[in-house]
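**Student:** FYI, in full-length UniProt numbering the residues of the sequence shown are 1 to 258.
One structure is given below, represented as structure tokens, and several questions about it will come after.
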Amino acid sequence: MGKQGLNTVEQQSVAPTASKFPLSFWEATVASTVALVFAVGLLGVYLTMPDSDYSFLKLPRTLEDLQLLRDNLESYTSDYTAQVLVGYCVVYIFMQTFMIPGTVFMSLLAGALFGVFKGVALVVFTATAGASSCYFLSKLIGRPILSSLWPEKLKFFQTQVAKRRKGLLNYMLFLRLTPTLPNTFINFASPIVDVPYHIFFLATVIGLIPAAYVTVKAGLALGELQSVGDLYDFNSIATLFLIGVVSVTPTLISKNES
């Protein structure tokens, strides 16, 4: 057999592996079941709302989408507060669970509809619930997905967690407060690299408060924002980094002393 024939055989043997779906049938069933539960929850909220035109209801992808959603939901929030809150929570948790981008728009919406203090409480609650949901879903189906999509990033995270096992809470706080790793990746990868849930939970609740405050407060002046980049000016980013450095300092000190 010539070299060309050997290459053909090698390509045929490699192709199925490269295109193989990372999830088994059972894992795909679990993910589909979780998505169905969220869909049923949203349907229940929709059915309890008054008859109206809800063409404005969609996941916001731009500030224009968000302003339209805010303008329409304001008229429902006072009379149908429970439905709006439940709908908001289900959507936010769903987006966090399945790593769907755009939760920053949902945080802005919380500020626009509920004000700073209620908005921050709502965002921290839903973000923590969504992160926890993602954590436990990943515990069931996450390893093949992460190994397929982000093998190098997963290896880096695993190495860092192993090195900082004694000060893991401080390290996880640092990650939550700074853009070292995306929050969605942290949510999905944490159970795979053996971050205990109680540490994951505490770091999430505490670490998300500063960024949630910045975003929710910006939602009060939604009409003045020109882009999402306006949320995080130099002072905001520097403050978050400073808090993050302070949170990880005890770990660095204890490591040097040992």
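Here a beta-carbon is modelled for each residue, glycine too, at the ideal position from N, C-alpha and C.
Keep in mind that this is a model prediction, so the values were computed, not measured.
Could you please give the first and the last residue of the uninterrupted alpha helix (DSSP H) stretch that includes L36?
**Tutor:** L36 -> alpha helix (DSSP H) spans F25 to T48.
**Student:** Quick test of your reading: S133 and Q96, contact by CB under 8 angstroms. State the CB separation rounded to the nearest angstrom.
**Tutor:** Yes, they are in contact, since the Cβ atoms of S133 and Q96 sit about 7 angstroms apart, within 8 angstroms.
**Student:** Looking only at its chain, what residues have a beta carbon closer than 8 angstroms to the beta carbon of L85, apart from the 5 residues adjacent to it on each side?
**Tutor:** Within the same chain, L85 has close Cβ partners L122.
**Student:** For my contact list, V216 and S107 are in at a C-beta cut-off of 8 angstroms; report their separation, rounded to the angstrom.
**Tutor:** Right, the Cβ-Cβ distance comes to about 6 angstroms (below 8 angstroms), so this counts as a contact.
**Student:** Could you check the C-alpha separation between Q158 and K118 for me, to the nearest Å?
**Tutor:** Straight-line Cα distance between these residues: approximately 36 angstroms.
**Student:** Roughly how many whole angstroms lie between the Cα atoms of residue 260 and I100?
**Tutor:** This structure leaves residue 260 out entirely; the chain is present only between 1 and 258.
**Student:** Does the beta-carbon distance from Q83 to T48 come in below 8 angstroms?
**Tutor:** Contact: yes.
**Student:** Going straight from the alpha carbon of L59 to that of L36, what length do you get?
**Tutor:** Between L59 and L36, the C-alpha separation is close to 17 angstroms.
**Student:** Figure out for me which residue from L66, L43, F200 and L57 has the closest Cα to the Cα of A129.
**Tutor:** The shortest Cα separation from A129 among L66, L43, F200 and L57 belongs to F200.
**Student:** How far does the alpha helix (DSSP H) with A129 in it extend, from its first residue to its last?
**Tutor:** Residues V116 to L149.
**Student:** With DSSP collapsed to three states, give me the class of L57.
**Tutor:** Note: L57 maps to coil in three-state DSSP.
**Student:** Would you mind sorting P50 into buried or exposed? The rule is 16 or more other CB atoms within 10 Å of its CB.
**Tutor:** P50 is exposed by the Cβ-count criterion.
**Student:** How is the alpha helix (DSSP H) around S75 delimited, first residue to last?
**Tutor:** Per DSSP, S75 belongs to the alpha helix (DSSP H) from L63 to T77.
**Student:** Identify whether G102 lies in helix, strand or coil by the three-state DSSP scheme.
**Tutor:** Three-state DSSP puts G102 in coil, outside helix and strand.
**Student:** Quick check: I141 and A31, are their CB atoms within less than 8 angstroms of each other?
**Tutor:** Yes, the Cβ-Cβ distance between I141 and A31 is below 8 angstroms.
**Student:** Quick one: is S55 buried, meaning 16 or more other Cβ sit within 10 Å of its Cβ, or exposed?
**Tutor:** S55 comes out exposed.
**Student:** Taking T212 as the reference, give the member of N170, G167 and V124 with the closest Cα.
**Tutor:** One detail in the question is off: residue 212 reads as Ala in this sequence, not Thr. Out of N170, G167 and V124, V124 has the C-alpha closest to the C-alpha of A212.
**Student:** From the DSSP output, in three-state form, read off L177 for me.
**Tutor:** In this structure, L177 counts as helix in the three-state DSSP scheme.
**Student:** Can the beta-carbon of L208 be found less than 8 angstroms from the beta-carbon of R176?
**Tutor:** Contact: yes.
**Student:** Answer yes or no: do L42 and T77 have a C-beta to C-beta separation smaller than 8 angstroms?
**Tutor:** Cβ distance not < 8 angstroms, so L42 and T77 don't count as in contact.
**Student:** Suppose you measure from the CA of V116 to the CA of L181; what does that come to, to the nearest Å?
**Tutor:** Straight-line Cα distance between these residues: approximately 27 angstroms.
**Student:** For the alpha helix (DSSP H) containing K217, list its first residue and its last residue.
**Tutor:** Looking at the DSSP string, the run of the alpha helix (DSSP H) that includes K217 is I209 to G219.
**Student:** Let's see if you can read the secondary structure: which residues bound the alpha helix (DSSP H) around Y92?
**Tutor:** That run of the alpha helix (DSSP H) goes T81 to T97.
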